[in-house]
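Visitor: Residue numbers (full-length UniProt numbering), protein chains in the order written: chain P, 1 to 454; chain Y, 1 to 1060. Glycine is no exception: its CB is placed at the ideal position from the N, C-alpha and C atoms.
#1: DSSP puts residue 187 (chain P) in a beta bridge; with which residues?
#2: What number of angstroms, rounded off, separates the C-alpha of residue 515 (chain Y) from the C-alpha of residue 607 (chain Y)?
#3: Taking the alpha carbon of residue 589 (chain Y) as the point to measure from, which residue in Y:672, Y:580, Y:644 has its own alpha carbon closest?
#4: Measure the C-alpha to C-alpha separation of residue 942 (chain Y) and residue 977 (chain Y) and round it to an integer number of angstroms.
#5: Applying the criterion that 16 or more other CB atoms from any shown protein chain within 10 Å of the CB defines a buried residue, is residue 162 (chain P) buried or exposed?
#6: When the Cα atoms are used, what is the spatial distance from residue 200 (chain Y) to residue 217 (chain Y)?
#7: When Cβ atoms are compared, which residues of the region 202 to 214 of chain P fall closer than 7 Å to chain Y?
#8: Sorted by chain position, which residues of the same chain lie with C-beta nearer than 7 Å to residue 870 (chain Y)'s C-beta, five sequence neighbours on each side aside?
#9: Taking the alpha-carbon positions, what's the residue 636 (chain Y) to residue 668 (chain Y) distance?
#10: In terms of DSSP beta bridges, what is residue 469 (chain Y) paired with?
#11: At what residue ranges does the region 808 to 867 of chain Y contain a whole run of the beta strand (DSSP E), taking only runs of 3 or more?
#12: Could you give the DSSP three-state label for residue 588 (chain Y): helix, strand or coil?
#13: Roughly how many angstroms lie between the CA atoms of residue 129 (chain P) and residue 135 (chain P), to the nearest whole one?
#14: Buried or exposed: which applies to residue 358 (chain Y), given that a residue is buried once 16 or more other Cβ atoms fall within 10 Å of its Cβ?
#15: How would you label residue 632 (chain Y), buried or exposed, when you count the other beta carbons within 10 angstroms and need 16 or more for buried?
#16: In this structure, what does DSSP give as the bridge partners for residue 961 (chain Y)?
#17: How would you label residue 204 (chain P), buried or exposed, when you count the other beta carbons within 10 angstroms and need 16 or more for buried?
#18: Determine, for residue 101 (chain Y), whether the minimum Cβ-Cβ distance to residues of chain P falls below 7 Å.
#19: Does residue 654 (chain Y) come within less than 7 Å of chain P when only Cβ atoms are used?
#20: Does residue 223 (chain P) get closer than 7 Å to chain Y when you measure Cβ to Cβ?
#21: Secondary structure at residue 101 (chain Y), three-state DSSP: helix, strand or coil?
#22: With distances taken from CA atoms, which of Y:171, Y:946, Y:886 is nearest residue 829 (chain Y)?
#23: Identify which residue in P:433, P:379, P:108, P:338 has its Cα closest to the Cα of residue 242 (chain P).
#24: If you reduce the DSSP assignment to three classes, tell me which class residue 155 (chain P) lands in.
#25: For residue 829 (chain Y) and chain P, any beta-carbon pair shorter than 7 Å?
#26: Just the Cα atoms here: how many angstroms apart are residue 214 (chain P) and residue 270 (chain P)?
#27: Please report the distance separating the alpha-carbon of residue 654 (chain Y) from that of residue 573 (chain Y).
#28: Does the Cβ of residue 70 (chain P) have 16 or more other Cβ atoms within 10 Å, making it buried, or fewer, making it exposed?
#29: Below 9 Å between beta carbons is the criterion; list the residues of the region 261 to 286 of chain Y that meet it against any residue of chain P, in chain order.
#30: Run through DSSP, which three-state label would residue 254 (chain Y) get?
#31: Measure from the C-beta of residue 453 (chain P) to each C-beta in chain Y and report whether the shortest distance is under 7 Å.
#32: Straight-line CA distance for residue 357 (chain P) to residue 373 (chain P)?
#33: On a CA-only basis, which of P:446, P:436, P:114 is nearest residue 155 (chain P)? Give me that one, please.
#34: Can you name the residues of chain Y whose CB is closer than 7 Å to the CB of residue 172 (chain P)?
#35: Could you confirm whether any beta carbon from chain Y is found closer than 7 Å to the beta carbon of residue 32 (chain P)?
#36: Distance check for residue 923 (chain Y) and residue 1029 (chain Y), CA to CA, integer angstroms please.
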């Protein structure tokens, strides 16, 4: 009897433990931190895509830092705290990207976000109810993947040339979020095919109208395809995609309505902006250091409003203030004016001169002082028209992260643009065919992956 | 005092007695007088008390028993007896204050006699614990406990570690148990005067009962309780503490004169041009302002020189010490009452601590504690208690760090007040010269006056904590009992910061968002009114335990078994907010539009108003089952085993993986009980050994990709999220396997006592930070289960009564040896640059200590230009791209030894003459290295971080013969600075010996006190943080404190203890 009683106590104990173990599964499924979420719905995916701090306010700026639209005085150059920026500016290979949170990091961050979106969508059913949102999110995923790869290609790869692209080193193409897959460099051909495919998918899925330009719209995706084709010197396609973008959004800001004396003349999220991508002025590019080269500044006609709206004088230097960010940060996203110029160049190169001239003049009318007479561009000589388009392109799109890519692609056509740091006592020079047009991949990445360096 | 004493017993007088009736007598060991009222009991529950002549009787059936004799103020002793016993027992009790170690040990699950323990327990001596003063519990442990050290390399308050490292990237704190459960609240709630005993659980047999959170060791705090028997006892304790002002001069700072020289040099180079020209008008240093004024012609060269000369004479540390610092002052009062009635034992405590720190911030703490035991019949016992803590504090004056400008630069020559004592403005966000140009009709004064700004603010914080617990113990049948515990702890924290209309915070905010129309019309976006920032937090923790225990004497053996089930939950929530347009008098507020970005008047950058909103909510849950069994044979041989499984709501781990079994086994042999070891000089010898596993869990690590939802976008009106952690499906809990072998001894009539233990800890599946290819994942490094480390060590505790008469002299030593080594570590790269460093962060390498100091080989300064030089592929070079690049492997570095002391411990001397006692305690750390800071020109130019060794820099050829400090180069080359600061020339031996404290005490005679109807009265004076007696480095640095941290100032205290 006594023994039985003892046994029953142990039985009770084990029963208690067993029920405890069963019911605690639910108890243990509680979230440890309410701010944490796993990806399980479209809401979370869109929330990730609305991470403005990383997707809209960060981008690689090295291409602009290496461009020939501005110069630094020796004084300003020496005062730069980032040695890597100094080396980018002087086109010195090696150690151009220091630390771990650099341009390479942000380029591939966008690609990782994109891959996360695309992979997670496989787990979320597309229904009649959520189709519009589902598609729009998928489009944004493709957009960030493709556009970041394009920006990276401008910095770390040589210009695209159709004959040699499959033998030229391109960039690592990350197909998934699995970080155990080692990074290897694809050919430049495959790199461009990948980013074109991603961006074209973005065109297919993105919504025409977004709630805000912080999210890329369909027009922004077309614009990025057009930009990619132009970088490949594929003009018909560049014009076609620019045209599609312009069919969705073509309104230009009339600079006559802009207060030229304001510190930041343009409104934030202005009507020409297709997708808001900015970078808070890095030291190498900010007004107090970067001065616009005289050759460029002097090329604006007196009645060209851009001469006043874009620039201000600081200690007798001409500095840039015409940021489409509406702030002091630089604007690197696609915009309507770029599309007019892409289409104009595409038309000009494919010998559709009247169309090219029409685009050029449409743009210029919005840039010209309306109290002064504007004499429209007019010529039947293809080379003249191309030269005009290129000149206006440089004047319109400075400090937008595009000039460096333009120099590269034009040099593959034999333009022979030799870059020189004239105001720099060490006198850097970048020859048209230099390998310096592909910057050094961060050394730590080379060390970790064993990929070939540029 | 059950946990703090040691037994001393002897069997005397052999007589034949009647079977089944145990007879004995209790005497005071010292006086030889009979003792009345001593509790005598055996484990089955039978108990009695000794009578006036000290005698007692217990009726027992035949068998073995462990007899317990206890009396307040005396060491409890346990005596194994076999009934029938031929002899009468003579028990001699020793007053507990003379005791060395505890007889019983509390693990939080059970209290067991030390004799029957197989594990490694370090009991903190209560007398030594009370030799020190101060308001917190844990800081007293460092210099007096065995196997515990404090690592201060990354924070001055330090990281407590039991037996060194068990983890690399996981949590390093030991588990803190208060009575029965892990303490979930703020450890600062605990009052040291409420602690009765403190035990460190060091090996697996001791810790594995605590399962997956015990990998770093366990500290069990046992609070004072009601005591059965005896009359009412009242204890009162008061302390005052006075500390010195913090020594700002202990932090290396560049001299004003040299700093000005560098600023002039940089000004001439145009280094400041971009700041001066910037539209954002960033802050300029007073020197740059003067140089600029001179350039613009607003002051003459002579005026410039005289102003600079004046600045050269100034030292901000001196000014701040004189004008701001005061001597921190603390008062502590504590009153406790305890008594015992027929059915209830009760204990009440009230404690109050009041402190004013060096910047006049006040904090008060009130502890109200009640703990009771209720006996309902012979089988049911209920313990219940409630513990209330209220802490509140107010803000103080500007801290020394507040003198830095908004980019973190501290100008060493700042002056804080003018000659007449009026507060002066110092540069903060914007240039002072620019702020002067603003129209005072449109803008409020935009200057920051550090000396007086605090007068405009009303900063307060408070914390309330209520901890209630109830424990029920029921004897189901003899030997079998059931216990149920429930504890709930609720803690509420709140803070309120009211910034007045004259405060810099408000003036600057209002000015920043001021809008000026073309006609000069002023619009204020932020109203000129008080500003309120508030925060509230709650913590709600619950623990529930059900446990069955079985204790049975089986012939000559004794079986103790317990098994139970436990739930722990901790829920913490927080919310913060900001009120604009606040008025504390009228409680008014103004609603502002948070969806419009307003321009900053100066920089023109648009920004949204800070809503101050923040929400947080965390929940940790643990479910555990455990069992523990011990079998003692003949009082000599002990076997123990323990097992536990834990599960938690660790995010993203499937439930099966959450259950983690942890176990231990142990054995011990009381050699002195053997017949062949009955030696006159041997009082105790016990051998013991154990092996087992415990774990270490970090609830913040998730195995799934998780997002952190970080608010709502004002632009897209949608939620915003970012990655928090990246998927790692193979995530596991860390495991620590510990093997322990040791012996405890007492020799020569207990004059020499101590223990010696050796242990080996192998920690596997450790979280490790490893650099990853950020092409593949947006992270520079990721934490994975990548490492395995092994630590081997030796713990020695010795105490020797050199003199034990009227004059007493008792030295004691805690000596700890601990060497860890990395057995496995997945490291993707072997580039030297990843491993160099001063050992602050782990960069583990197989075969080396976890925290190793690696440095670049030093080849002296280049005699031509003063460049620091190293070796690249055998040749001397100053090519820093090579020296820091991927070509320099870890094998090319110099290994300077571990960053943690492999040898540490403390040495105490206790002297007493009659009623007077003196205690002196030293602590030591030996055999490790640290990297001192050196000049870094890049930091000097860009962030104003200077170094006094600038004065010794290489300036001309030949200087390399007497200096190792690189020359100044412009522009600074960050790789050059990096090389020098990580080179072997800056590595120093970190060994040191410090005087931890000196305490002088006086205790009045009981005889004399009885006339005052006092039971006890003593006073003591203590001085602590007395600094280093010896250090290996020649630089005069304190290696325990990281660069830039101020070592704690000396503290003097005076205390009084009184019992009636």
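Guide: Reading from the atomic positions:
#1: Working through the first chain from its first residue, we reach residue 187 (chain P) at position 187. Answer is P:169.
#2: Taking the first residue of the second chain as 1, we reach residue 515 (chain Y) at position 515. Taking the first residue of the second chain as 1, we reach residue 607 (chain Y) at position 607. For residue 515 (chain Y) and residue 607 (chain Y), the distance between alpha carbons rounds to 13 Å.
#3: As a position in the second chain, residue 589 (chain Y) is number 589, starting the count at 1. Checked all of Y:672, Y:580, Y:644; the closest Cα to residue 589 (chain Y) is Y:580.
#4: Position 942 of the second chain, counted from the first residue, corresponds to residue 942 (chain Y). Position 977 of the second chain, counted from the first residue, corresponds to residue 977 (chain Y). Each residue's alpha carbon lies about 13 Å from the other.
#5: Counting from one through the first chain, the residue named residue 162 (chain P) turns up at place 162. Classification of residue 162 (chain P): exposed, given that the 10 Å Cβ count is below 16.
#6: Along the second chain, one-based indexing puts residue 200 (chain Y) at 200. Along the second chain, one-based indexing puts residue 217 (chain Y) at 217. Straight across, the Cα-Cα distance linking residue 200 (chain Y) with residue 217 (chain Y) is about 7 Å.
#7: Per Cβ criterion, the list reads 211, 212, 214.
#8: For the purposes of this step, residue 870 (chain Y) is taken as residue 870 along the second chain, with counting starting at 1. Sequence-distant partners of residue 870 (chain Y) (beyond 5 residues in either direction) whose C-beta falls short of 7 Å from its own C-beta, in its chain, are 856, 857, 858, 859, 877, 883, 979, 983.
#9: Along the second chain, one-based indexing puts residue 636 (chain Y) at 636. Along the second chain, one-based indexing puts residue 668 (chain Y) at 668. Residue 636 (chain Y) and residue 668 (chain Y): Cα-Cα distance of roughly 8 Å.
#10: Your numbering for residue 469 (chain Y) matches position 469 in the second chain. Answer is Y:385, Y:487.
#11: Those beta strand (DSSP E) runs which fall completely within the region 808 to 867 of chain Y and span 3+ residues are 852 to 855.
#12: Sequence index remark: in the second chain, residue 588 (chain Y) carries index 588 (1-based). Strand at residue 588 (chain Y).
#13: As a first step, residue 129 (chain P) must be located in the first chain, where it is residue number 129. As a first step, residue 135 (chain P) must be located in the first chain, where it is residue number 135. For residue 129 (chain P) and residue 135 (chain P), the distance between alpha carbons rounds to 12 Å.
#14: As a first step, residue 358 (chain Y) must be located in the second chain, where it is residue number 358. Buried, by the Cβ-count rule.
#15: Here residue 632 (chain Y) refers to the residue found at position 632 when the second chain is read from its first residue. Residue 632 (chain Y) should be labelled buried.
#16: Taking the second chain and counting its residues from 1, one reaches residue 961 (chain Y) at position 961. According to the DSSP secondary-structure assignment, residue 961 (chain Y) is paired through a beta bridge with no residue.
#17: Stepping through the first chain from its first residue, residue 204 (chain P) is reached at position 204. By the Cβ neighbour-count rule, residue 204 (chain P) is exposed, with fewer than 16 other Cβ atoms within 10 Å of its own.
#18: To locate residue 101 (chain Y), count along the second chain from 1; it is residue 101. Bear in mind that a pLDDT of 38 at residue 101 (chain Y), under 50, signals an unreliable position, so the number given afterwards is only what the model happens to contain. So no, residue 101 (chain Y) is outside the interface.
#19: For the purposes of this step, residue 654 (chain Y) is taken as the residue at position 654 of the second chain. Because the pLDDT of residue 654 (chain Y) is 48, which lies under 50, any placement of that residue in the model is unreliable, and the number read from its coordinates should be weighed accordingly. For residue 654 (chain Y), no Cβ of chain P is located within less than 7 Å of the residue's own Cβ.
#20: Working through the first chain from its first residue, we reach residue 223 (chain P) at position 223. At least 7 Å separates the CB of residue 223 (chain P) from every CB of chain Y.
#21: Here residue 101 (chain Y) refers to the residue found at position 101 when the second chain is read from its first residue. With a pLDDT of only 38 at residue 101 (chain Y), under the threshold of 50, the placement of this residue in the model should not be trusted, and no figure is reported.
#22: Position 829 of the second chain, counted from the start, is the residue given in the question as residue 829 (chain Y). Looking at the Cα atoms, Y:886 is the closest of the given residues.
#23: Reading the first chain from its first residue, position 242 is the one you call residue 242 (chain P). For residue 242 (chain P), the closest of P:433, P:379, P:108, P:338 by C-alpha to C-alpha distance is P:338.
#24: Taking the first residue of the first chain as 1, we reach residue 155 (chain P) at position 155. DSSP places residue 155 (chain P) in the helix class (H, G or I) of the three-state scheme.
#25: Residue 829 (chain Y) sits at position 829 when you count from the first residue of the second chain. Taking Cβ atoms only, chain P reaches closer than 7 Å to residue 829 (chain Y), which makes this a yes.
#26: As a working note, residue 214 (chain P) is residue 214 in the first chain. As a working note, residue 270 (chain P) is residue 270 in the first chain. Roughly 12 Å between the two C-alpha positions.
#27: Counting from one through the second chain, the residue named residue 654 (chain Y) turns up at place 654. Counting from one through the second chain, the residue named residue 573 (chain Y) turns up at place 573. Interpretation of residue 654 (chain Y) is limited by its pLDDT of 48, a score under 50 that renders its predicted location unreliable; no figure is taken from the coordinates.
#28: Taking the first chain and counting its residues from 1, the one referred to as residue 70 (chain P) is at position 70. It is buried - the Cβ of residue 70 (chain P) has at least 16 other Cβ atoms within 10 Å.
#29: Along the region 261 to 286 of chain Y, the positions whose C-beta sits under 9 Å from a C-beta of chain P are 266, 269, 270, 271, 272, 273, 274, 275, 276, 277, 278, 279, 280, read in chain order.
#30: For the purposes of this step, residue 254 (chain Y) is taken as the residue at position 254 of the second chain. Residue 254 (chain Y) falls in the coil class under three-state DSSP.
#31: Residue numbering aside, residue 453 (chain P) sits at position 453 when the first chain is read from its first letter. For residue 453 (chain P), not one C-beta of chain Y is nearer than 7 Å to its own C-beta.
#32: What you label residue 357 (chain P) is simply residue 357 of the first chain in a count that begins at 1. What you label residue 373 (chain P) is simply residue 373 of the first chain in a count that begins at 1. Spanning the two alpha carbons is a distance of roughly 17 Å.
#33: Residue 155 (chain P) sits at position 155 when you count from the first residue of the first chain. For the options P:446, P:436, P:114, the alpha carbon positioned closest to that of residue 155 (chain P) is the one of P:436.
#34: Residue mapping note: residue 172 (chain P) aligns to position 172 of the first chain, counting from 1. Chain Y residues near residue 172 (chain P): 775.
#35: Within the first chain, numbered from 1, the residue matching residue 32 (chain P) stands at position 32. With its beta carbon less than 7 Å from one in chain Y, residue 32 (chain P) belongs to the interface.
#36: Counting from 1 along the second chain, the entry for residue 1029 (chain Y) is found at position 1029. Counting from 1 along the second chain, the entry for residue 923 (chain Y) is found at position 923. For residue 1029 (chain Y) and residue 923 (chain Y), the gap between their C-alpha atoms comes out near 10 Å.
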